[in-house]
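Q: Here it is: the structure, laid out below.
Number of protein chains: 2
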Amino acid sequence: MANIREIARLAGVSVSTVSRVLNNHPYVRSDKRDTVLKTMERLDYRPNINAVHLSRGRTNMIGVVLPTINHPYFSELLEGIAEEAMKHNIQLVLFQTGYHEEKEFEALQQLRGQLIDGVIFASRAMAFDSLLNYSDDGPIVLCEDSDQEEFPSISIKHVEAFNIGLDYLISKGHEKIGICLGRLEGTNSQKRKDAYENKMKSIQMKLRSEWIIGQCLMIQDGKQVIDQFMKMEEKPTAFIVGNDQVTAGMVTEAKNYGLDIPGDLALLSFDNHPISEILRITTIDIPTKHLGISAFKALLKRTEEKGYAQKFILPYKLIERDTV
Amino acid sequence: MANIREIARLAGVSVSTVSRVLNNHPYVRSDKRDTVLKTMERLDYRPNINAVHLSRGRTNMIGVVLPTINHPYFSELLEGIAEEAMKHNIQLVLFQTGYHEEKEFEALQQLRGQLIDGVIFASRAMAFDSLLNYSDDGPIVLCEDSDQEEFPSISIKHVEAFNIGLDYLISKGHEKIGICLGRLEGTNSQKRKDAYENKMKSIQMKLRSEWIIGQCLMIQDGKQVIDQFMKMEEKPTAFIVGNDQVTAGMVTEAKNYGLDIPGDLALLSFDNHPISEILRITTIDIPTKHLGISAFKALLKRTEEKGYAQKFILPYKLIERDTV
DNA sequence: TTGTAAGCGTTATCAG
DNA sequence: CTGATAACGCTTACAA
Numbered sequence: 006m007a008n009i010r011e012i013a014r015l016a017g018v019s020v021s022t023v024s025r026v027l028n029n030h031p032y033v034r035s036d037k038r039d040t041v042l043k044t045m046e047r048l049d050y051r052p053n054i055n056a057v058h059l060s061r062g063r064t065n066m067i068g069v070v071l072p073t074i075n076h077p078y079f080s081e082l083l084e085g086i087a088e089e090a091m092k093h094n095i096q097l098v099l100f101q102t103g104y105h106e107e108k109e110f111e112a113l114q115q116l117r118g119q120l121i122d123g124v125i126f127a128s129r130a131m132a133f134d135s136l137l138n139y140s141d142d143g144p145i146v147l148c149e150d151s152d153q154e155e156f157p158s159i160s161i162k163h164v165e166a167f168n169i170g171l172d173y174l175i176s177k178g179h180e181k182i183g184i185c186l187g188r189l190e191g192t193n194s195q196k197r198k199d200a201y202e203n204k205m206k207s208i209q210m211k212l213r214s215e216w217i218i219g220q221c222l223m224i225q226d227g228k229q230v231i232d233q234f235m236k237m238e239e240k241p242t243a244f245i246v247g248n249d250q251v252t253a254g255m256v257t258e259a260k261n262y263g264l265d266i267p268g269d270l271a272l273l274s275f276d277n278h279p280i281s282e283i284l285r286i287t288t289i290d291i292p293t294k295h296l297g298i299s300a301f302k303a304l305l306k307r308t309e310e311k312g313y314a315q316k317f318i319l320p321y322k323l324i325e326r327d328t329v
Numbered sequence: 006m007a008n009i010r011e012i013a014r015l016a017g018v019s020v021s022t023v024s025r026v027l028n029n030h031p032y033v034r035s036d037k038r039d040t041v042l043k044t045m046e047r048l049d050y051r052p053n054i055n056a057v058h059l060s061r062g063r064t065n066m067i068g069v070v071l072p073t074i075n076h077p078y079f080s081e082l083l084e085g086i087a088e089e090a091m092k093h094n095i096q097l098v099l100f101q102t103g104y105h106e107e108k109e110f111e112a113l114q115q116l117r118g119q120l121i122d123g124v125i126f127a128s129r130a131m132a133f134d135s136l137l138n139y140s141d142d143g144p145i146v147l148c149e150d151s152d153q154e155e156f157p158s159i160s161i162k163h164v165e166a167f168n169i170g171l172d173y174l175i176s177k178g179h180e181k182i183g184i185c186l187g188r189l190e191g192t193n194s195q196k197r198k199d200a201y202e203n204k205m206k207s208i209q210m211k212l213r214s215e216w217i218i219g220q221c222l223m224i225q226d227g228k229q230v231i232d233q234f235m236k237m238e239e240k241p242t243a244f245i246v247g248n249d250q251v252t253a254g255m256v257t258e259a260k261n262y263g264l265d266i267p268g269d270l271a272l273l274s275f276d277n278h279p280i281s282e283i284l285r286i287t288t289i290d291i292p293t294k295h296l297g298i299s300a301f302k303a304l305l306k307r308t309e310e311k312g313y314a315q316k317f318i319l320p321y322k323l324i325e326r327d328t329v
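First to last, the sequence lines map onto chains C and D.
Going by this note's numbering, the first sequence opens with residue 6, and the numbers climb by one from there.
Going by this note's numbering, the second sequence opens with residue 6, and the numbers climb by one from there.
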């Protein structure tokens, strides 16, 4: 591949002039600029991006850490990030972790290695303290309802939203309420679980471990929950469910058993993804895509302003439909 | 940030020795290796990846071109690519195009600029001839049912699968068959449309433009199709639909109108994504994730073997459920 | 087994 | 406005 030196030689100018043309600097006589441009065109020249990156010390790429791409929550979030990044001419490098910490560290090492200018954690499995070690290596943004004040974070108020959901169920006469969450280890799930346990205590309901179900992420998991439900001696009259996919699985599997929703079992869910409208699932809307957009904006801000660590809270909204 | 020279100085060795340690070369005396390693540890050293890339002339990153991330078809495909890439320690750079050609060119320019070692086109909007210009810049793989012999390609036999679907509908007594496709300009859609038109001719059915519907990609589009359907004077008795999302929207909107599926309208779809099982949609399974896995493998093969341009055909499978 | 030094292809400083 | 030339941080002959 042709390089800048060759272009310079053929155009009869110095490499600096070529570089200036490349970067739209002023102070290049227009006839020189033209010959340079023509020479580039002729050789179908394209600057070596790695060299540019090395020289500049920046890459205009950021990393996105997420457990899995193929889940509506994360792909919507990712889409938000991608759209906003595109506006600013920033490229995305993907780190699909499958919730493995090592993979998350990889992203951070690439940050330190200056392959990426920043990192957005769409989800985090690693300890917060470990994260702190990379604080000086570049901007980091967290998509979680976080109390820390070191990094910018974007989220909804999970506890509050969960309480709204629980109150709604209670207002409809439910007391025997079960809960379906994703990875119980996750920060968001923890918040939600705490909210649930506190609320149950406040209405004098004993916690039943059988009614607290984890690892609910996909449609298929919802089916299994209903299978479990059918076998329970003491059944809850309602479930609050961490995401619409799972609820979708529950609704349809419930129908297979001839259950009446919400008569035999009420379901309140989170996300308001398209499937919930289709299945008329009562759900709490989370502005997932905007979470992504805001995350990117926060990263940008943090890039410009070293200590910037604002906590962004986005609004949620209860959407009443037919499963409660 | 510390660099290799500083490590060398502090460890009392030369930069080449440090480099050798970094790259697990043999021929480094183990006590030297140890001090180097310790020094790195102490300074929390991480090599500058851009410098490595520039020096090596390779980046171990590949580009993935797709129109949108937030659609089950593409996010499943992407997941396949991502999983396989991870096994080979290859990073993914995303190019979300929204079907815009310029964005696709961007990926190719980054290929020429050696930021990425190769490109997978999960979908393509640009002309094939334009693509040919980049053939020498690095391996390119296409996810399409393609007749060209220049690049490796991965797909199912769209025409054949479509014919199977149409024959199945016909065998169930349908002749008045409509069709819902995605972007009519896309290569896959073109193939499918051709198959449809030929089949209709072969059973002496006149083509009605009203029954050929494009821009069907999401759940919401399916709703609109049914709204259109309700207004048709002459109604088809069946639709063959390009993807499950759209069918899902159709099924549920049809219920709102009190239509009987398949009595009033039969629906045959493609993909076999989780939602189709939930809604008991009869569909033709496409191994989307494997498409992604194979695409990555083909890219790797093409990297090693210049002219490699095999066409991979993956199997599809009719899944009989309740909408036909 | 080790070190020296020449790349890799840009950008940026500084002198003209 | 233009051109030398020194970075940027690593890899890799080549020589020892």
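The C-beta atom is built at its ideal place from N, Cα and C for all residues, glycine as well.
Tell me, please, whether the CB atom of Pro52(D) is closer than 8 Å to any CB atom in chain C?
A: yes
Q: Taking its Cβ as the centre, do 16 or more other Cβ atoms sit within 10 Å of Asn261(D), making it buried, or is it exposed?
A: Burial call: exposed.
Q: Helix or strand or just coil, what does DSSP make of Asp327(D)?
A: coil
Q: Okay, do the segment 46-64 of chain D and the segment 264-278 of chain D touch, 3+ Cβ pairs below 8 Å being the bar?
A: no
Q: Does the Cβ of Asn75(D) have 16 or more other Cβ atoms within 10 Å, making it buried, or fewer, making it exposed?
A: buried
Q: Given this structure, state the Cα-to-Cα distance separating Ala16(C) from Ala7(C), to the nearest angstrom.
A: A straight-line Cα-Cα distance of about 13 Å links Ala16(C) and Ala7(C).
Q: In chain D, what lies closer than 9 Å to Val98(C) by C-beta?
A: Met66, Gln96, Leu97, Val98, Leu99
Q: Can you name, in chain order, every residue of its own chain whose Cβ lies under 7 Å from the Cβ of Ile175(D), other than the five neighbours on each side?
A: Ile208
Q: Have a look at Pro320(C) and Phe79(C) and give me their C-alpha separation to the nearest angstrom.
A: 18 Å
Q: For the segment 238-256 of chain D, enumerate the residues whose C-beta is nearer than 9 Å to any C-beta of chain C, in chain order.
A: Gln250, Ala253, Gly254, Val256
Q: Counting only the same chain and skipping the five closest in sequence on each side, list residues whose C-beta sits under 7 Å from that of Val20(D).
A: Ile9, Arg10, Ala13
Q: Return the first residue and the last residue of the alpha helix (DSSP H) that Gln115(C) is part of.
A: 106-117
Q: What residues match up with Phe288(C) in a beta bridge as DSSP calls it?
A: Per the sequence presented here, residue 288(C) reads as Thr, with Phe not at that position. Answer is Ser274(C), Ile324(C).
Q: Compute the distance between the beta-carbons of Val5(C) and Glu109(C), then report whether it is under 8 Å.
A: In this structure chain C extends from 6 to 329, so residue 5(C) is not present and cannot be described.
Q: Which first and last residues belong to the beta strand (DSSP E) in which Met66(D) is found?
A: 66-71
Q: State yes or no: is the beta carbon of Ile324(D) nearer than 8 Å to at least one beta carbon in chain C?
A: Closer than 8 Å: no.
Q: Could you check if Met223(D) is buried or exposed, using at least 16 other CB atoms within 10 Å of its CB as the buried criterion?
A: buried
Q: Establish whether the CB of Arg34(D) and some CB of chain C are separated by less than 8 Å.
A: no
Q: Taking just the CA atoms, how far does Ile159(C) sit from Asp249(C)?
A: Those two C-alpha atoms are separated by around 21 Å.
Q: Should Asn65(D) be listed as close to the ligand PLP, given that the test is whether its C-beta is under 7 Å from any heavy atom?
A: With respect to the ligand PLP, the structure offers nothing, as it holds no ligand at all.
Q: Give me the Cα-Cα distance between Val256(D) and Gln225(C), rounded to the nearest whole angstrom.
A: 20 Å
Q: Contact criterion: CB-CB distance below 8 Å. Does His58(D) meet it with respect to chain C?
A: Interface with chain C (8 Å Cβ-Cβ cutoff): His58(D) is included.
Q: Please return the same chain residues whose Cβ sits closer than 7 Å to the Cβ of Glu341(D), not counting the five positions on each side in sequence.
A: Past the edges of chain D, shown from 6 to 329, lies residue 341(D), and the structure says nothing about it.
Q: Applying the 10 Å Cβ sphere with the 16-neighbour rule, what's the burial state of Asn55(D)?
A: buried
Q: What does a CB cutoff of less than 6 Å around Arg307(C) pick up in its chain, not counting 5 residues either side in sequence?
A: Pro144, Pro157, Tyr313
Q: Between which two residues does the alpha helix (DSSP H) holding Ile169(D) run?
A: 163-176
Q: Could you spell out the range, first to last residue, of the alpha helix (DSSP H) harbouring Phe133(D)?
A: 133-137
Q: What first and last residue would you give for the alpha helix (DSSP H) that runs through Phe234(C)?
A: 224-236
Q: So, is His93(D) buried or exposed, given that buried needs 16 or more other C-beta atoms within 10 angstroms?
A: exposed
Q: Measuring alpha carbon to alpha carbon, tell me which residue in Arg38(D), Gln153(D), Lys37(D) is nearest Leu317(D).
A: In the sequence as displayed, the identity of residue 317(D) is Phe instead of Leu. Of the candidates Arg38(D), Gln153(D), Lys37(D), the one whose C-alpha sits nearest the C-alpha of Phe317(D) is Gln153(D).
Q: Any beta-carbon of chain D closer than 8 Å to the one on Ser207(C)?
A: no
Q: Under 8 Å Cβ-Cβ, which residues of chain D neighbour Met223(C)?
A: Listed along chain D are Pro279, each with a C-beta nearer than 8 Å to that of Met223(C).
Q: Hey, is Ala87(C)'s beta-carbon within less than 8 Å of any beta-carbon in chain D?
A: yes
Q: Within the chosen definition, does the segment 169-186 of chain D reach the segment 235-248 of chain D through at least 3 CB pairs nearer than 8 Å?
A: Yes, the segment 169-186 of chain D touches the segment 235-248 of chain D.
Q: Taking buried to mean at least 16 other C-beta atoms within 10 Å of its own C-beta, is Ser135(D) buried or exposed?
A: exposed
Q: Output, in sequence order along the chain, the residues in the segment 166-194 of chain D whose CB is closer than 9 Å to any CB in chain C.
A: Sequence-ordered contacts of the segment 166-194 of chain D with chain C are nonexistent [C-beta pairs closer than 9 Å].
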